[in-house]
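K.L.:
First, the structure itself, so that you have it in front of you.
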Amino acid sequence: MRPEELLHSTPQGLYSPAGGFYIDPTRPVPRALITHGHSDHARAGHGAVMATRETLDIMAIRYGDAFAGATQAARFGEQLVVNGVGVTFHPAGHILGSAQIALEWKGCTIVASGDYKPGADPTAAPFEPVRCHVFISEATFGLPVFRHPDPLKETGKLTASLALFPDRAHLVGAYALGKAQRVMALLRAAGYTRPILLHGAMERLTAYYASRGIDLGEVRPARDATPTERAGAVVICPPSALSDVWSRRFGDPVTAFASGWMRIRARARQNGVELPLILSDHADWDDLQASILATGCEELWVTHGQEDALVHWAGLAGLRARPLHMVGYGEEERDTSITFSD
Numbered sequence: 001m002r003p004e005e006l007l008h009s010t011p012q013g014l015y016s017p018a019g020g021f022y023i024d025p026t027r028p029v030p031r032a033l034i035t036h037g038h039s040d041h042a043r044a045g046h047g048a049v050m051a052t053r054e055t056l057d058i059m060a061i062r063y064g065d066a067f068a069g070a071t072q073a074a075r076f077g078e079q080l081v082v083n084g085v086g087v088t089f090h091p092a093g094h095i096l097g098s099a100q101i102a103l104e105w106k107g108c109t110i111v112a113s114g115d116y117k118p119g120a121d122p123t124a125a126p127f128e129p130v131r132c133h134v135f136i137s138e139a140t141f142g143l144p145v146f147r148h149p150d151p152l153k154e155t156g157k158l159t160a161s162l163a164l165f166p167d168r169a170h171l172v173g174a175y176a177l178g179k180a181q182r183v184m185a186l187l188r189a190a191g192y193t194r195p196i197l198l199h200g201a202m203e204r205l206t207a208y209y210a211s212r213g214i215d216l217g218e219v220r221p222a223r224d225a226t227p228t229e230r231a232g233a234v235v236i237c238p239p240s241a242l243s244d245v246w247s248r249r250f251g252d253p254v255t256a257f258a259s260g261w262m263r264i265r266a267r268a269r270q271n272g273v274e275l276p277l278i279l280s281d282h283a284d285w286d287d288l289q290a291s292i293l294a295t296g297c298e299e300l301w302v303t304h305g306q307e308d309a310l311v312h313w314a315g316l317a318g319l320r321a322r323p324l325h326m327v328g329y330g331e332e333e334r335d336t337s338i339t340f341s342d
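Under my numbering, the final residue of the sequence shown carries the number 342; numbering is consecutive throughout.
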């Protein structure tokens, strides 16, 4: 059989004609399987949604309890069947609850990885390579220039700045789901013990991470902090807040931005960032190659990002490869689906 009989690209997203469902559809559909809670993958309005318990909870936090007509929670490694198609969720290592979705039908296995990263992260279950015939990979950082540094060393830049400027608040721009909580966990791993102050956009999702057993230490709403408590504090906020009137309450802060895009210095300068922190929740160029090869796949489909470079590499590695040219997916760090005031 052709793999496209099991899964293929449509304007709504990846569709399984055999199973009658979509994976991470960009428009409301009758049945959706969702890899993770970022809004470019998880949208409201579907008739039925299958995802991990964490992803379902995150969608409810972001969109309200009625975000779908019906929901079904899938456990990692649990073998499910949807209209005769075997479905199994496996850890993707991207954010809390993120999953790769493996489909099995008539002897063919396709793995839709969503967004993923190998490597240690205390806020997400570690990525597991899944053997398959076809692997569907993102390519957000799919160029050789993107080789992410050690996360603890990048966090060390922040702790060193705190020691150098003990009276200045450090505003760290980080996206509310996943990146913010990872920055907090990395700070704790680096030995930072003071309360971390949170912009209002971070509060509900951070509380949810804590409820799932992720140790982030003491966190407090930034709006409740006194001027004394703000001095020298780490404050986690949305990137847009770095230049917003909200930031003026912190006097003369050091501005930092945690993102894989901080590898590109022009982006840091464009955003007026004093302290760029190269922290990514996506695979870099080397990790993409290693992860793809670890699946033993014969064929690679690339969903979004630097598709051409990864497809070219795959061809040199002896794999059949092609870009899917899918619309509607992208770096969740441009997520503006929810606005908050603080």
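All C-beta atoms in this analysis are idealised placements derived from N, C-alpha and C, irrespective of residue type, glycine included.
For clarity, every value in this text was computed on a predicted model and none was experimentally measured.
1) Can you round the beta-carbon distance between K157 and D281 to whole angstroms, since I take them to be within the 8 Å contact cut?
2) I want to know whether the region 188-201 touches the region 128-147 - three or more CB-CB distances under 8 Å.
3) Give the single residue among L162, P25 and Y208 whose Cα lies nearest to the Cα of G232.
4) Whose C-alpha, out of E229, D224, A124 and S211, is nearest the C-alpha of G178?
5) Within its chain, find whatever has a CB closer than 7 Å to the CB of I278; leave out the 5 residues flanking it on each side and keep chain order.
6) For M1, is the classification buried or exposed, using 16 other Cβ atoms within 10 angstroms of its Cβ as the cut-off for buried?
7) Three Cβ pairs or more, each shorter than 8 Å: is that satisfied between the region 9-19 and the region 102-112?
8) Whole angstroms is fine: what's the gap from P166's alpha carbon to Y175's?
9) Could you round the C-beta distance between D115 and A92 to whole angstroms and report it? I think they count as a contact, below 8 Å.
10) Give me the residue from P25, G217, D286 and H170 with the minimum Cα distance to G191.
11) With a threshold of 8 Å between beta carbons, is I292 in contact with chain D?
12) Can you give me the C-alpha to C-alpha distance between G213 and H90, rounded to a whole angstrom?
13) Enumerate, from N- to C-terminal direction, the unbroken alpha helix (DSSP H) stretches of 4 or more residues contained entirely within the region 242-286.
14) Could you say if the region 200-210 and the region 284-292 meet the contact criterion of at least three C-beta pairs nearer than 8 Å?
15) Which partner residues of R320 appear in the DSSP bridge assignment?
16) Using alpha carbons as the reference points, say which of W301, S39 and A74 lies closest to R62.
17) In angstroms with no decimal places, state the Cα-to-Cα distance between R43 and D308.
18) How many Å lie between H8 and S211 at the Cα?
19) Determine the burial state of P11: buried for a count of at least 16 other Cβ atoms within 10 Å of its Cβ, exposed for fewer.
20) Using CA atoms only, rank isn't needed, just tell me which of A185, A32 and L143 is closest to W313.
21) A256 and E229 - do their beta-carbons sit closer together than 8 Å?
22) May I ask which residues mark the beginning and end of the alpha helix (DSSP H) holding E203?
23) Use the C-beta contact count for L14: other C-beta atoms within 10 angstroms, 16 or more gives buried, fewer gives exposed.
24) Can you tell me where the alpha helix (DSSP H) holding G156 begins and where it ends?
25) Buried or exposed: which applies to L242, given that a residue is buried once 16 or more other Cβ atoms fall within 10 Å of its Cβ?
26) Terminal residues of the continuous beta strand (DSSP E) containing M50?
27) Output needed for G305: all residues of its chain with C-beta closer than 6 Å, excluding positions within five of it in sequence on either side, in chain order.
28) Label G173 either buried or exposed according to how many other C-beta atoms from any shown protein chain fall within 10 Å of its C-beta, with 16 as the threshold for buried.
29) For H90, list the residues DSSP reports as bridge partners.
30) If you count every other CB in all the chains shown that lies within 10 Å of the CB of A74, and 16 or more means buried, which is it?
31) Could you give the residue range of the beta strand (DSSP E) that holds Q79?
32) Using the beta-carbon count (16 or more within 10 Å), is D252 buried or exposed?
33) Please say whether A268 and V343 have beta carbons closer to each other than 8 Å?
34) Closer than 6 Å by C-beta to P30: which residues in its own chain qualify, once you throw out the five before and the five after it? Chain order, please.
P.N.:
Here's the rundown:
1) Against the sequence shown, residue 157 aligns to sequence position 157. Against the sequence shown, residue 281 aligns to sequence position 281. Between D281 and K157 the Cβ distance is about 18 Å, and since that is not below 8 Å, they are no contact.
2) The region 188-201 is not in contact with the region 128-147.
3) By one-based count along the sequence shown, residue 232 stands at place 232. When only C-alpha atoms are compared, the closest one is L162.
4) One-based indexing of the sequence shown puts residue 178 at position 178. Of the listed residues, the one whose Cα sits closest to G178 is A124.
5) What you label residue 278 is simply residue 278 of the sequence shown in a count that begins at 1. Here the set comprises H148, P149, E154, G260, M262 and R263.
6) What you label residue 1 is simply residue 1 of the sequence shown in a count that begins at 1. That one is exposed.
7) yes
8) Locating residue 166 in the sequence shown gives position 166, where the first residue counts as 1. Locating residue 175 in the sequence shown gives position 175, where the first residue counts as 1. Cα to Cα, the separation comes out at about 25 Å.
9) Here residue 115 is taken as the residue at index 115 of the sequence shown, counted from 1. Here residue 92 is taken as the residue at index 92 of the sequence shown, counted from 1. Contact flag correct, Cβ pair sits at about 7 Å.
10) Locating residue 191 in the sequence shown gives position 191, counting from the first residue. Considering only alpha carbons, the answer is G217.
11) In the structure shown, chain D does not exist; there is a single protein chain.
12) Position 213 of the sequence shown holds residue 213. Position 90 of the sequence shown holds residue 90. In a straight line, the C-alpha of G213 is about 20 Å away from that of H90.
13) Given a length threshold of 4 residues, each whole run of the alpha helix (DSSP H) inside the region 242-286 is given here in chain order: 265-270.
14) no
15) Counted from its first residue, the sequence shown places residue 320 at position 320. Its beta-bridge partners are E299.
16) Residue numbering aside, residue 62 sits at position 62 when the sequence shown is read from its first letter. For R62, the nearest C-alpha among the options comes from S39.
17) Along the sequence shown, read from residue 1 onward, the residue named residue 43 stands at position 43. Along the sequence shown, read from residue 1 onward, the residue named residue 308 stands at position 308. In a straight line, the C-alpha of R43 is about 27 Å away from that of D308.
18) Counting from one through the sequence shown, the residue named residue 8 turns up at place 8. Counting from one through the sequence shown, the residue named residue 211 turns up at place 211. If I take the Cα positions, the gap works out to 37 Å.
19) Looking up residue 11 in the sequence shown gives position 11. Exposed, by the Cβ-count rule.
20) One-based indexing of the sequence shown puts residue 313 at position 313. Checked all of A185, A32 and L143; the closest Cα to W313 is L143.
21) By one-based count along the sequence shown, residue 229 stands at place 229. By one-based count along the sequence shown, residue 256 stands at place 256. Against a cut-off of 8 Å, the Cβ pair of A256 and E229 comes out as no contact.
22) Counted from its first residue, the sequence shown places residue 203 at position 203. Counting along the chain, the alpha helix (DSSP H) containing E203 begins and ends at G200 to S211.
23) By 1-based counting over the sequence shown, the position of residue 14 is 14. Under this definition L14 is a buried residue.
24) Locating residue 156 in the sequence shown gives position 156, counting from the first residue. Segment P151 to L164, the alpha helix (DSSP H) holding G156.
25) Residue 242 sits at position 242 when you count from the first residue of the sequence shown. It counts as buried.
26) Counting from one through the sequence shown, the residue named residue 50 turns up at place 50. M50 -> beta strand (DSSP E) spans H46 to A51.
27) Position 305 of the sequence shown, counted from the first residue, corresponds to residue 305. Scanning its chain for C-beta atoms nearer than 6 Å, with the 5 sequence neighbours on each side dropped, one finds around G305 the residues E138, A139, T140 and G142, in chain order.
28) Here residue 173 is taken as the residue at index 173 of the sequence shown, counted from 1. By the neighbour-count rule (16 or more Cβ atoms within 10 Å), G173 is buried.
29) Against the sequence shown, residue 90 aligns to sequence position 90. Paired residue(s): Q100.
30) Start at 1 with the first residue of the sequence shown, and residue 74 comes out as number 74. Label assigned to A74: buried.
31) One-based indexing of the sequence shown puts residue 79 at position 79. It spans Q79 to V82 - the beta strand (DSSP E) in which Q79 sits, taken as one unbroken run.
32) Looking up residue 252 in the sequence shown gives position 252. So D252 counts as exposed.
33) Nothing in the structure corresponds to residue 343, since the chain is present only between 1 and 342.
34) Residue 30 sits at position 30 when you count from the first residue of the sequence shown. Cβ within range, chain order: G47.
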